[in-house]
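Below is one structure, written out as structure tokens; comments come after it.
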Amino acid sequence: MRSFLNTLQNEDWKNGGFGIYIHWPFCAAKCPYCDFNSHVSRHVDEKLWLDAYRKEISRIYRLTENRRVKSIFFGGGTPSLMSPDLVSGILSHIRSVWLLNNDCEITLEANPTSVEAQKFISFRDAGVNRVSMGIQSLNDQDLKRLGRQHSAKEALNAFTIARTIFDRVSFDLIYARQNQSISEWRSELQQALNSDIDHLSLYQLTIEDGTAFGDRYAIGRLKGLPDQDLAADLFEITQDLCEQNRMPAYEVSNHARSGSECQHNIVYWKYGDYAGIGPGAHGRLTLKNNRYSTEGYLQPDKWLSMVSKGCGDRLMEKMSLYNQGQEFVLMGMRLSEGICTDRYKSFFGHSPKPKVIQKLTCEGLVKLTSSRITTTLRGRMLLNYVIKELLMR
Ligand SMILES: C[S@@+](CC[C@H](N)C(=O)[O-])C[C@H]1O[C@@H](n2cnc3c(N)ncnc32)[C@H](O)[C@@H]1O
Ligand code: SF4
Numbered sequence: 007m008r009s010f011l012n013t014l015q016n017e018d019w020k021n022g023g024f025g026i027y028i029h030w031p032f033c034a035a036k037c038p039y040c041d042f043n044s045h046v047s048r049h050v051d052e053k054l055w056l057d058a059y060r061k062e063i064s065r066i067y068r069l070t071e072n073r074r075v076k077s078i079f080f081g082g083g084t085p086s087l088m089s090p091d092l093v094s095g096i097l098s099h100i101r102s103v104w105l106l107n108n109d110c111e112i113t114l115e116a117n118p119t120s121v122e123a124q125k126f127i128s129f130r131d132a133g134v135n136r137v138s139m140g141i142q143s144l145n146d147q148d149l150k151r152l153g154r155q156h157s158a159k160e161a162l163n164a165f166t167i168a169r170t171i172f173d174r175v176s177f178d179l180i181y182a183r184q185n186q187s188i189s190e191w192r193s194e195l196q197q198a199l200n201s202d203i204d205h206l207s208l209y210q211l212t213i214e215d216g217t218a219f220g221d222r223y224a225i226g227r228l229k230g231l232p233d234q235d236l237a238a239d240l241f242e243i244t245q246d247l248c249e250q251n252r253m254p255a256y257e258v259s260n261h262a263r264s265g266s267e268c269q270h271n272i273v274y275w276k277y278g279d280y281a282g283i284g285p286g287a288h289g290r291l292t293l294k295n296n297r298y299s300t301e302g303y304l305q306p307d308k309w310l311s312m313v314s315k316g317c318g319d320r321l322m323e324k325m326s327l328y329n330q331g332q333e334f335v336l337m338g339m340r341l342s343e344g345i346c347t348d349r350y351k352s353f354f355g356h357s358p359k360p361k362v363i364q365k366l367t368c369e370g371l372v373k374l375t376s377s378r379i380t381t382t383l384r385g386r387m388l389l390n391y392v393i394k395e396l397l398m399r
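Convert by adding 6 to the 1-based position in the sequence shown; the result is the number in my numbering.
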């Protein structure tokens, strides 16, 4: 029995596959809403960074060895500020150690300015096959409020350029913004859907502590944010309009044409394994029957200096099976396809409690089939509650 459980544990990550996340921690300016690990720095020595990324790739390869890489994701920060040579150097090193799937998805997050658009061909030549652009809004006044460095026109131009160079292009919009009415959002979203897009990430504006917006909000100077009812209406309209345009949600905030779902994010949501490389990057690695959570040093200089001493991770912690189960539910219930009940059982040692499922079903929040639990639209709107109930001991 013990060895059967070990095999299950050892192989569980294969349900999601293996991805590599590379974090580039620099931006041209700090947006007032953003709490990602991003820094504005005048001078970045790319040689030092390439050397450090190579060292970390080799170190993590030695731990994981014979795996096939399903996806690589350059996130940030603003990875489109990297030189194509740096991106190419990192990808060559990854290829020199791991085997990549033939259809390995290689995404780079890009800010949609004209300067970055000029680099798209070189990024493609370096091996990138998908870009994800932070357009955020198609309204110039709101782009200013969001502290963005580009206009809507510049962003759409960058998108058009990307479209001619990459087969796969996604963009992000932030909605539920200050003073945004339902009809304004509807027409902005329709404009986005009318573009030649196959993947959209649509995030509701979140006010994060420690950001400029967070500070303004705390002293009552961030006005016009939607109340809960308006935010729920905006979410519902988003789902309706995207479905009508054949871009259904495959995850709470992510929409795609069938077959264009982001493979990298699916590694996270299906609870696969991923190497997190770079300042503050998180990883999950299954090594000899145990899953470990890893986290890089947050500050870029500190990360560089720790890598030069042998390891850029400030944490590598063995996870209990229960913790893994919690994460599996937390991530998996975000997906429209929900979670597999057998996997739930392998983490918790029992099936989801019939009483809880019955209650959530009666409330119209989840559906149970012979092998999966999925959320309804209402369930996705009340996801935190659904997850709390499913994890109740
Ligand atoms: C790491 S950032 C994007 C990369 C790139 N630097 C950019 O800004 O275009 C990933 C995405 O998270 C979203 N995001 C960041 N902070 C957010 C917040 N507070 N509320 C909602 N969405 C947010 C934005 O849509 C952003 O494009
Ligand atoms: S939203 Fe993007 S560009 Fe703005 S600070 Fe965050 S990571 Fe940098």
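Beta carbons: idealized from backbone N, C-alpha and C, even for Gly.
Per DSSP, reduced to three states, the secondary structure at S326 is coil, with no helix or strand assignment. Contact check for T347 and D319: beta-carbon distance about 34 Å, past the 8 Å limit, so the pair fails to qualify. Not a single heavy atom of ligand 2 lies less than 7 Å from the C-beta of T375.
Under DSSP, S299 takes part in a beta bridge, and its partners are R290 and E323. With contacts defined by Cβ atoms closer than 8 Å, L199 and L247 form a contacting pair. The distance from the Cβ of A237 to that of Q210 is about 6 Å, consistent with a contact at the 8 Å cut-off. A residue is called buried once 16 or more other Cβ atoms fall within 10 Å of its Cβ, and T244 is buried on that count.
Secondary structure note for Q142: its beta strand (DSSP E) is the uninterrupted segment R136 to Q142. Relative to ligand 1, even the nearest heavy atom lies 7 Å or more away from the CB of L195.
Relative to ligand 1, I180 has its C-beta within less than 7 Å of a heavy atom.
For E257, the enclosing beta strand (DSSP E) covers residues A255 to E257. Contact check between the region 337-352 and the region 373-381: three or more CB pairs, one atom from each, fall below 8 Å, which counts as touching. One alpha carbon belongs to I393, the other to R340, and they sit about 10 Å apart. The three-state reading of DSSP puts A281 in strand, counting E and B together. Out of S138, K361 and I272, the CA that lies nearest to the CA of K76 is found in I272. Boundaries cannot be given for H356, as no beta strand (DSSP E) includes it and DSSP labels it neither H nor E. In the DSSP assignment, T381 falls within the beta strand (DSSP E) that extends over R378 to T381. Leaving aside the five residues that flank M325 on each side, the residues in its chain whose CB is nearer than 6 Å to its CB run, in chain order, R297 and S299. For H205 against S176, the beta-carbon gap comes to about 4 Å, under 8 Å, which counts as contact. For A182, the CB contacts under 6 Å within the same chain, skipping 5 residues up- and downstream, are Q210, L211, P232, A237 and L240 in chain order.
One thing to note: Y27 has its Cβ no nearer than 8 Å to the Cβ of A224. In the three-state DSSP reduction, Y67 falls in the helix class (H, G or I). A distance below 8 Å separates the beta carbons of S201 and F165.
Within 10 angstroms of the beta-carbon of I188 lie fewer than 16 other beta-carbons, which makes it exposed. H156 sits in coil when the DSSP states are folded into three classes, being neither helix nor strand.
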